[in-house]
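The listed protein sequences correspond, in order, to chains L and S. Letter by letter, the first sequence follows residues 0 to 165 of numbering that gives the first Met the number 0. Letter by letter, the second sequence follows residues 0 to 165 of numbering that gives the first Met the number 0. Even for Gly, the Cβ is constructed at its ideal location relative to N, Cα and C. In this text the structure is predicted, and so the values were computed from the model without any measurement. Presented below is the structure to which this report refers.
2 protein chains.
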Amino acid sequence: MSPIAARLPGQDDTPDNAAGDPDAAPVESPVREPLLTEIDHVAIAVHDLGAAIDWYRENFGAVVDHREVVEKDGVEEALLKVAESYVQLLTPVRDDSPVAKYLEKKGEGLHHIGYRVDDCAAALEAIKANGGKVIDEKPRPGSRGTTVAFVHPKTSFGTLIELVQE
Amino acid sequence: MSPIAARLPGQDDTPDNAAGDPDAAPVESPVREPLLTEIDHVAIAVHDLGAAIDWYRENFGAVVDHREVVEKDGVEEALLKVAESYVQLLTPVRDDSPVAKYLEKKGEGLHHIGYRVDDCAAALEAIKANGGKVIDEKPRPGSRGTTVAFVHPKTSFGTLIELVQE
């Protein structure tokens, strides 16, 4: 059977099949190396940081590993370490903080997920190249000395995603 | 200074200070061993499971490790492994599924967090003993052979929590 005859209806010479190899597997979508090395953190927006810290300690024995005010984002965070990940309890420190607006609109609860990556800039560019909407056009400093970038929930199934490079 | 004179105003002989040691540190709340061994999964409710799986593969190289319909909960889940945790993409398989109601009311996005514990029953009882509201009064079978129990978001800062014992 010639390579021409082996073609399926509608199949044409896409770049993926430019070599014309009839035994080539169909290419459904770009294949890439795994980029996510760990769930870095899950962020939970709360009104009362102290009360939330107490609740996690009293119920789960989870204690604060790191606490920091992130002025740029208008938040104070408390990180509770769980294995190699964190539960990030998050509260606004000023009224114009995005987290303050979130609490007003949606109430307390899961706010975003932070995925740990080796290269924040590369992961961000990959999302932009795939048509993803981003909040940070370039990586920027995050808490505890990390480099971070936020991806807009609009193109990621309603999920606010933070890319975190340690 | 006598132990009596060292007492602060309002302090009395609580069981924590029954020995009367004036150098004893104040006991703020019950101290317990850490119960959370890992973030087991972060669940994301989506309308189109296939599209969400594609997005995670194309953007992050994250692939499906396990896929299962959980009839009791009326959902189909796809688990993408990230280190020792999972991203759980979740979609309803019938209209009366709690996840269907969630999607209708709140739209796509972060749905719950699953904490891995060594003893689901003990963790659940600890929460109940602390006045926490639970959804499952007793542990029950979850997906991939786990034992699970859900904790109501009302008493956990708006966060639906699943306790997962492997």
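G108 of chain S: member of the beta strand (DSSP E) spanning G108 to V116, first to last residue.
One alpha carbon belongs to E32 of chain S, the other to G60 of chain L, and they sit about 5 Å apart. Membership of L102 of chain L in the alpha helix (DSSP H) is indicated by the continuous run P97 to K105. When secondary structure is reduced to three states using DSSP, E83 of chain S falls in the coil class, being assigned neither helix nor strand. In terms of beta-carbon proximity, R31 of chain L lines the interface with chain S, with at least one pair separated by less than 8 Å.
One thing to note: L102 of chain S has its Cβ no nearer than 8 Å to the Cβ of A51 of chain S.
By the 16-neighbour rule on beta-carbons within 10 angstroms, R93 of chain S is exposed.
In this structure, the beta-carbon distance from E83 of chain S to S142 of chain S does not fall below 8 Å.
Minimum Cα-Cα distance from Y114 of chain L among the listed residues L:S155, L:E161 and L:D47 corresponds to L:E161.
Using a CB distance cut-off of 8 Å, V98 of chain S does not count as an interface residue toward chain L. When only Cα atoms are considered, T145 of chain S and D95 of chain L end up about 43 Å apart.
Per DSSP, reduced to three states, the secondary structure at L159 of chain S is coil, with no helix or strand assignment. Exclusion of the five residues before and after P152 of chain L leaves T158 and L159 as the residues of its chain whose Cβ lies within less than 7 Å of its Cβ. L78 of chain S is a Cβ neighbour of H40 of chain S, given a cutoff of 8 Å. Residues of the region 31-45 of chain L with a Cβ closer than 7 Å to any Cβ of chain S, in chain order: R31, E32, P33, L34, L35, T36, E37, I38, V41, I43 and V45. For A44 of chain S, the enclosing beta strand (DSSP E) stretches over residues L35 to A44. T158 of chain L has a beta carbon lying within less than 8 Å of a beta carbon in chain S. The C-beta of V81 of chain S comes closer than 8 Å to at least one C-beta of chain L.
Taking the Cα of V116 of chain L as reference, the smallest distance to any Cα among S:D117, S:V81, S:K127 and S:A99 is reached at S:V81.
A Cβ of chain L is located within less than 8 Å of the beta carbon of F59 of chain S.
In the DSSP assignment, D53 of chain S falls within the unbroken alpha helix (DSSP H) covering L48 to F59. If the five residues before and after E165 of chain L are omitted, its C-beta is found closer than 7 Å to the C-beta atoms of R115 and T145, all from its own chain and listed in chain order. For P138 of chain L, the three-state secondary structure derived from DSSP is coil.
With contacts defined by Cβ atoms closer than 8 Å, L48 of chain L and E70 of chain L do not form a contacting pair.
Residues of the region 100-113 of chain S whose Cβ lies closer than 7 Å to any Cβ of chain L, in chain order: G106, E107, G108, L109 and I112. Residue burial is scored here from C-beta neighbours: P91 of chain S has at least 16 other C-beta atoms within 10 angstroms and is therefore classed as buried. When secondary structure is reduced to three states using DSSP, T154 of chain L falls in the helix class. The Cβ atoms of P97 of chain L and D72 of chain L lie closer than 8 Å to each other.
Within chain S, the residues I38 and S84 have their CB atoms less than 7 Å from the CB of S84 of chain L, given in chain order. Separation of A42 of chain S and T154 of chain S (C-alpha to C-alpha, rounded to the nearest whole angstrom) is 19 Å.
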